[in-house]
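In case it helps, UniProt numbering puts the sequence shown at residues 1 to 325.
Every residue gets a Cβ at the ideal spot worked out from N, C-alpha and C, and that includes glycine.
All remarks here apply to the structure that follows.
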Amino acid sequence: MDRRSFLVLAASMASCSRTAAAQSSPKALKIGWLTAQREASLTPYLAALRQGFSDLGYAEGQNLFIDYRFGNDQVGDVPSLAAELVKSGVKLIVAQGAAVSELAKLSLPVPVVYIFSGDPVAAGFADSLARPRGNMTGVTLMAAELNGKRLEILRDIVPGLRRVAIIANPEHHGVNLEKANSEQAGQRLGVDIDYYPTASPRELEDAFASIRTKPVQAVSIFSDGFAVQNRKTIIDFASDQRIPAIAAWSLFARSGAICTYGPLQSEQYRRLAAYVDRIAKGARPSDLPIQQPTKFETVVNLKTAKALGLSLPPTLLASADEVIE
């Protein structure tokens, strides 16, 4: 090969390499992140979201720019925070938790991709999981059918289990599905269910007073933002009563619940990135079905079990994704 032919070939290969790199690296994108929660409570999940973007070729600060807004537990600030993001020029908003319900009331000029702990259909965000409404879609952590499994775990942990208290936020969308599933499982297992709707700290204290009057052998916590904010109060109460508490999200086990079984939350946050990417490339939110959990985790707190004098079944320990000692 002569020198001229070599230079032409080299230039051609370099051009192809640049083209391939351009095709594999997404265009620059500016998005907003909006939640009513505090930043510290979401640190691990934001890390999972960033990993999802990294897997798709995005690098924050290079071709991905995220404008963050945290409501610091003030849901009423969500509309003004959303207006700030729109004004800053974001092309899309990623929303989390209680902020999603507030955004659904607004007519935002940008799409919204959300992660929501409740049932999007019950919340009015969708006609069905396959048919999101308006300019919003995302993923849900709701898996109501797992409540029965958690009662089975309690039955295996607590000898002669006959009565369980459910502490749940009645304003959480989908709570009726979770309650019904728990009651059906209770009938099947021979376990009576005492349901305590608690939407405020005052109602939570009233529930505690009722449980002291009518003792139970365990507490099942329906996981949502209210439960997260009050998890220490609930778990400390259960500990004082010498009874175990169980919930869906691993955060509760790390806070002292004897066990959690539910969606692998980090995976759901990671999956948000794919929807952001697809919408950025032209997909319509209404054409993207709301995703349900596909990966689950079991976390057991051996320290809590020992403090309560309970033995965890070997099968539960063997199947646990994490054992807290």
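At a cut-off of 4 residues, the continuous stretches assigned as alpha helix (DSSP H) that sit fully inside the region 108–188 are 120–123 and 146–157.
Collapsing the DSSP output to three states places S220 in a strand.
Residue state for K87 is assigned as helix, using DSSP reduced to three classes. Here A253 is near V299, since their CB atoms are less than 7 Å apart. In this structure, A165 lies away from I221, with their beta-carbon atoms at least 7 Å apart.
With a cutoff of 7 Å on beta-carbon distance, V175 and A168 are scored as near each other. By the CB criterion at 7 Å, L272 and I31 fall outside the cutoff. With respect to the 7 Å criterion, V75 and A104 are not classified as neighbours on the basis of their beta carbons.
A218 and L161 do touch by the CB rule: their CB atoms are close to 7 Å apart, below 8 Å. Minimum Cα-Cα distance from A207 among the listed residues V228, S223 and T233 corresponds to T233. Less than 7 Å divides the Cβ of P285 from the Cβ of N135.
For E297, the enclosing beta strand (DSSP E) starts and ends at F296 to N301. Apart from the 5 residues on each side of it in sequence, A320 sits with its Cβ closer than 7 Å to the Cβ of T298, V299 and V300 in its chain, given in chain order. Under the three-pair Cβ rule at 8 Å, the region 54–63 does not count as touching the region 310–318.
For secondary structure counted as the beta strand (DSSP E) over 3 or more consecutive residues, the region 190–215 holds these complete runs in sequence order: 192–197.
According to DSSP, residue pairing for G32 in a beta bridge involves D67 and I93.
The continuous alpha helix (DSSP H) containing A104 extends over residues A98 to A104.
Q187 and N147 have their alpha carbons spaced roughly 13 Å apart. L92 is positioned such that its CB atom lies closer than 7 Å to that of P111.
Going by C-alpha positions, P197 is about 41 Å away from A280. Secondary structure of I290 (DSSP, three-state): coil. The C-beta distance from R133 to A126 rounds to 5 Å, short enough to meet the 8 Å contact threshold. Residues of the same chain with a CB within less than 7 Å of the CB of N181, apart from the 5 flanking positions on each side, are A144, E145, N147 and G148 in chain order.
Check the Cα spacing between P26 and each of D277, D287, T294 and P289: the tightest is with D277.
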